[in-house]
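Engineer:
Protein chains: 2
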Amino acid sequence: MGISEAEAAVMEVLWRGAPRSAEEILEAVGADRDWREGTVKSLLNRLLKKKAIRAERDGRRYLYTPLIAREAYVSQESKGLLDRLFDGRVAPLVAHFSEQRKLSRRDIAELKRLIEELDDERG
Amino acid sequence: MGISEAEAAVMEVLWRGAPRSAEEILEAVGADRDWREGTVKSLLNRLLKKKAIRAERDGRRYLYTPLIAREAYVSQESKGLLDRLFDGRVAPLVAHFSEQRKLSRRDIAELKRLIEELDDERG
DNA sequence: GAACTCCATTTACACGTGTAAACGATGATT
DNA sequence: AATCATCGTTTACACGTGTAAATGGAGTTC
Numbered sequence: 000m001g002i003s004e005a006e007a008a009v010m011e012v013l014w015r016g017a018p019r020s021a022e023e024i025l026e027a028v029g030a031d032r033d034w035r036e037g038t039v040k041s042l043l044n045r046l047l048k049k050k051a052i053r054a055e056r057d058g059r060r061y062l063y064t065p066l067i068a069r070e071a072y073v074s075q076e077s078k079g080l081l082d083r084l085f086d087g088r089v090a091p092l093v094a095h096f097s098e099q100r101k102l103s104r105r106d107i108a109e110l111k112r113l114i115e116e117l118d119d120e121r122g
Numbered sequence: 000m001g002i003s004e005a006e007a008a009v010m011e012v013l014w015r016g017a018p019r020s021a022e023e024i025l026e027a028v029g030a031d032r033d034w035r036e037g038t039v040k041s042l043l044n045r046l047l048k049k050k051a052i053r054a055e056r057d058g059r060r061y062l063y064t065p066l067i068a069r070e071a072y073v074s075q076e077s078k079g080l081l082d083r084l085f086d087g088r089v090a091p092l093v094a095h096f097s098e099q100r101k102l103s104r105r106d107i108a109e110l111k112r113l114i115e116e117l118d119d120e121r122g
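Quick mapping for you: the protein sequence lines, in order, are chains A and B.
All residue numbers for the first sequence refer to numbering that gives the first Met the number 0, where the first residue is 0 and numbers rise by one.
All residue numbers for the second sequence refer to numbering that gives the first Met the number 0, where the first residue is 0 and numbers rise by one.
1. Who are residue 65 (chain B)'s beta bridge partners in DSSP?
2. Along chain B, in chain order, which residues have C-beta atoms closer than 7 Å to that of residue 99 (chain A)?
3. Going by DSSP, which residues form a beta bridge with residue 57 (chain B)?
4. Quick check on residue 32 (chain B): does DSSP put it in helix, strand or coil?
5. Taking the alpha carbon of residue 49 (chain B) as the point to measure from, which residue in B:25, B:87, B:66, B:31 has its own alpha carbon closest?
6. With respect to 7 Å, is the separation between the Cβ of residue 20 (chain A) and the closest non-hydrogen atom of the ligand ZN below this value?
7. Which of the three DSSP states is assigned to residue 15 (chain A) in this structure?
8. Assign residue 112 (chain A) to one of three DSSP states: helix, strand, or coil.
9. Consider the Cβ of residue 6 (chain A): report whether some Cβ of chain B lies at a distance smaller than 8 Å.
10. Go ahead and label residue 86 (chain A) buried or exposed: buried means 16 or more other beta carbons lie within 10 angstroms of its beta carbon, across all protein chains shown.
11. May I ask which residues mark the beginning and end of the alpha helix (DSSP H) holding residue 92 (chain A)?
12. What do you get for residue 10 (chain A), buried or exposed, if any count of 16 or more other CB atoms within 10 angstroms of its CB means buried?
13. Please report the distance separating the alpha-carbon of residue 34 (chain B) from that of residue 25 (chain B).
14. Alpha carbon to alpha carbon, how far is residue 93 (chain A) from residue 106 (chain B)? Give it in angstroms, no decimals.
15. Grab me the residues of residue 14 (chain A)'s own chain with a C-beta within less than 7 Å of its C-beta, minus the 5 sequence neighbours each way, in chain order.
16. Taking C-alpha atoms, which residue in A:116, A:115, A:98, A:57 lies nearest to residue 21 (chain A)?
17. Going by DSSP in three states, residue 10 (chain A) sits in which element: helix, strand or coil?
18. Whose C-beta lies closer than 7 Å to the C-beta of residue 6 (chain B) among residues of the same chain, with five residues either side of it excluded?
19. Are residue 80 (chain A) and residue 80 (chain B) close, meaning C-beta to C-beta below 8 Å?
20. Can you look up residue 24 (chain B) in the DSSP assignment and give me helix, strand or coil?
21. At a Cβ threshold of 8 Å, is residue 130 (chain A) touching chain B?
22. DSSP three-state label for residue 102 (chain B), please.
23. Applying a beta-carbon distance threshold of less than 8 Å, which residues of chain B neighbour residue 110 (chain A)?
24. Quick one: list the residues of chain A neighbouring residue 102 (chain B), beta-carbon separation under 8 Å, in chain order.
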């Protein structure tokens, strides 16, 4: 079905730069995930099966490239959360973070600008 | 580990009103999940094991009550998404929805009010 | 008290996921 | 040519999850 958590870590690397070999991917995930090469290979094969990436031969090895855009993935995940927990609306989500004191000064400033823009557009 | 998707559906019912029996829960999830009674029982037992709910005897059956608050669950899920996809910051998340044209007029109005409040508080 | 009815508890089973080891093929080295 | 190194491919295996069926035990009814 969807892209799993571990698979997403691989995708993140490829979104940061592609095409890349399995070895490069392993190096790029690096510290946070203490993976063996075999683990990365398995994940790549599962992603291939899911058509989330494609492979092109480069000599004896393969280079991998994302087929789905990060934007699409982010959209799907975000909408999922929003629908499951906030009745599909954004304002309650932000209200939640606000109540939890999870809005940084910077967040507030940026949100303010963002809303002003939208407000103007709507004019 | 965490509360799974199906388990969350049961929790939602209990958050809406508790304590409730397995049968009442089954009835309350109703249409969207076409579950047998056994399914609900399994989920309840897993939730008990995870200390997410507790059971109290009521005659021959049990009544179930949440032990973790919906707020806590929502926080965890939301923070998870934010950290994984938006570098832990709220503004980029809202920007994402904005770019996807997923902000309703109502969302915008509410966000505006929210931000104004925060801005005032901060002085 | 034998049979029935309701619950709960136990067991099941396939599929996805995280995490690799084992095996195999193909090109490089002696 | 025989061996070594380097990839990819196949197989593995435990644990969580979704989804229940089977079993068991305690009241309830003939």
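Glycine is no exception: its CB is placed at the ideal position from the N, C-alpha and C atoms.
Values in this document were obtained by computation on a predicted structure and should not be read as measured data.
Structural biologist: If we stick to the structure as given:
1. Its beta-bridge partners are B:52.
2. Those within 7 Å of residue 99 (chain A) in chain B are 74.
3. Answer is B:60, bridged to residue 57 (chain B).
4. DSSP places residue 32 (chain B) in coil when its eight states are reduced to three.
5. Proximity to residue 49 (chain B) across B:25, B:87, B:66, B:31 peaks at B:66, based on C-alpha coordinates.
6. Among the components of this structure there are no ligands whatsoever, and the ligand ZN is therefore not found.
7. Three-state result, residue 15 (chain A): helix.
8. DSSP places residue 112 (chain A) in helix when its eight states are reduced to three.
9. No, its Cβ sits nowhere closer than 8 Å to a Cβ of chain B.
10. By the 10 Å Cβ count, residue 86 (chain A) comes out exposed.
11. Looking at the DSSP string, the run of the alpha helix (DSSP H) that includes residue 92 (chain A) is 89 to 98.
12. It is buried - the Cβ of residue 10 (chain A) has at least 16 other Cβ atoms within 10 Å.
13. When rounded, the distance between both Cα atoms is 7 Å.
14. Rounded to whole angstroms, the gap between the alpha carbons of residue 106 (chain B) and residue 93 (chain A) is 10 Å.
15. Around residue 14 (chain A), the same chain offers 65, 69 as residues with beta carbons nearer than 7 Å, after the five sequence neighbours per side are excluded.
16. Nearest of A:116, A:115, A:98, A:57 to residue 21 (chain A), Cα basis: A:57.
17. In the displayed model, residue 10 (chain A) falls within a helix according to three-state DSSP.
18. Same-chain partners within the cutoff: 42, 45, 46.
19. Yes, the Cβ-Cβ distance between residue 80 (chain A) and residue 80 (chain B) is below 8 Å.
20. If DSSP states are grouped into helix, strand and coil, residue 24 (chain B) belongs with the helices.
21. No information on residue 130 (chain A) is available, as it lies outside the stretch 0 to 122 that chain A covers here.
22. Note: residue 102 (chain B) maps to coil in three-state DSSP.
23. Listed along chain B, the residues sitting closer than 8 Å to residue 110 (chain A) by beta-carbon distance are 89, 90, 93, 110, 114.
24. Neighbours of residue 102 (chain B) on chain A, chain order: 89, 117.
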